[in-house]
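Going by the UniProt record's numbering, the letters in the sequence shown line up with residues 1 to 354, in that order.
Think of the CB as a built atom: it goes at the ideal place given N, C-alpha and C, for glycine as much as any other residue.
Note that the structure is a prediction, hence the values are computed from the model and not measured.
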Amino acid sequence: MQLDDISRDKLLTTFKRNYDKSPPTAERYQCDVSEWLDYLEKPGHLDFDSNTYSRDAKTFYVAETGTDSLTGNLKRYLQDLLKDGYAPSTVNLRLAAISTFYQVMQEVNQDSDIPVSLPVDELENPAKSLEPIAEWQTYKDRMVEKEKQSSSKEDEYHYLKPNQVKELIKNVPAPKPRNELIIRLLFHTGARRGELATTKLDDYDHEKNTVEMHDKKNNQTIERHYPHRVQKFIDRWRNVHRKALPTADSEYMFPTTHSEQIGPAVINKMVKKAAENADLQAYTTREVDGQRQAEITAHTLRHSYAMDRLDNGMDIRTIQELLGHSKLETTEVYLDMQNDDAIDKAKSAGTTRL
1 MQLDDISRDK
11 LLTTFKRNYD
21 KSPPTAERYQ
31 CDVSEWLDYL
41 EKPGHLDFDS
51 NTYSRDAKTF
61 YVAETGTDSL
71 TGNLKRYLQD
81 LLKDGYAPST
91 VNLRLAAIST
101 FYQVMQEVNQ
111 DSDIPVSLPV
121 DELENPAKSL
131 EPIAEWQTYK
141 DRMVEKEKQS
151 SSKEDEYHYL
161 KPNQVKELIK
171 NVPAPKPRNE
181 LIIRLLFHTG
191 ARRGELATTK
201 LDDYDHEKNT
211 VEMHDKKNNQ
221 TIERHYPHRV
231 QKFIDRWRNV
241 HRKALPTADS
251 EYMFPTTHSE
261 QIGPAVINKM
271 VKKAAENADL
281 QAYTTREVDG
291 QRQAEITAHT
301 LRHSYAMDRL
311 DNGMDIRTIQ
321 ELLGHSKLET
331 TEVYLDMQND
341 DAIDKAKSAG
351 TTRL
């Protein structure tokens, strides 16, 4: 079987089956590699929707002809992860997973008992020539400093009011039952899109209305609560719409028609599209790199969760714990945003004429 004929899912399955380590590590590596493959479909765009494009499997492995090398794409991908807030240690783990992926697939190529053929003369491990993790920390420090100089916290943090979240839900693209539930869970749990994407059926406790999620940034498992009223939407998805999928046997809560697990990038693109449909979306150009950036993303719902809890009287340390922030200063930015809102309301309300 030639590489061009191998589907993306079969490639990932082959990797996981031939990676001779503990099942949890193999599963985590498979998820990490899946996101890397998503990125390679459209280098430079972390919000790429892998269900929208179709390209032969060879482009997942081999550097395309042109100015960008596979190593260059990998370096840019890791830099983008840092820009997205991932810790250098997490980026290093992602790098290890990708490097292992290429090593394993090279071994698969040389094993005559496995019916997979790879162009080994073209297959290079792009992780070989990258800098050690200390260099990534230096890069992140420089990047953070540039961000501080070029934009304010108000520019970096956008959030939606509950009535706006309702509009977002009304305007999700198809498949609506799945996407409506995803937005509800993001808003009511404060989860990151990657955490929600990796939830499994067994992670949901229908009696307690909780879901266990793995926080990859801080390497911890967090039990997140959702309102009882959301349970009916979970049940409808799980017992009706999900069962109609060809991937219904997947252990993950959110499979797609083509994959056993939805990708974080797919979730992000869906939220952006819903915001456009609801006339809530706006775009800015980042001064740091000139990239066009959507204001409403999946992460906006995490900010919206925090602001909604703050507006309803929850103390900042509890919000810190629920969000899984390691530093209180990270959470305190929401207090600044709340104060700015109060000032804006005071200005618009005016005063009684004396």
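Query	Result
Which residue or residues does DSSP assign as beta-bridge partners of R292?	T285
Beta-carbon separation of N179 and M270 under 7 Å?	yes
State the beta-bridge partners of D205 as determined by DSSP.	T210
Leaving out the 5 sequence neighbours to the left and right, which residues in its chain are closer than 6 Å to N268 when beta-carbon positions are compared?	D47, R193, T297 and A298
Can you tell me where the alpha helix (DSSP H) with R178 in it begins and where it stops?	K176 to T189
With a Cβ-Cβ cutoff of 7 Å, do E274 and L168 count as a contact?	In the sequence as displayed, the identity of residue 274 is Ala instead of Glu. Yes. Within cutoff.
Can you find a CB in chain B that lies within less than 7 Å of the CB of I267?	Included in the structure is just one protein chain, with no chain B present.
With a threshold of 16 other CB atoms inside 10 Å of the CB of N219, please say whether the residue is buried or exposed.	exposed
So, with DSSP's three-state summary, where would you put E321?	helix
Leaving out five residues on either side along the sequence, give the residues of the same chain with a beta carbon under 7 Å from the beta carbon of D49.	Residue confidence is low: D49 scores 38 on pLDDT, short of 50, so the model does not pin down where it sits. Its coordinate-derived value is still stated next. Taken in chain order, the residues that qualify are A265, V266 and K269.
What are the residues that DSSP puts in a beta bridge with I222?	M213
Spatial neighbours of Y77 within its chain, please: CB distance less than 7 Å, with the 5 preceding and 5 following residues excluded, ordered by chain position.	W36 and Y39
Taking the C-alpha atoms as reference points, what is the distance between L81 and P88?	9 Å
Who are the Cβ neighbours of Q281 in its own chain at under 8 Å, not counting the five residues just before and after it?	K272, A275, A294, E295 and I296
When you compare the CB positions of V104 and Y29, do they come within less than 7 Å of one another, or not?	no
Go ahead and pull the three-state DSSP assignment for K21.	coil
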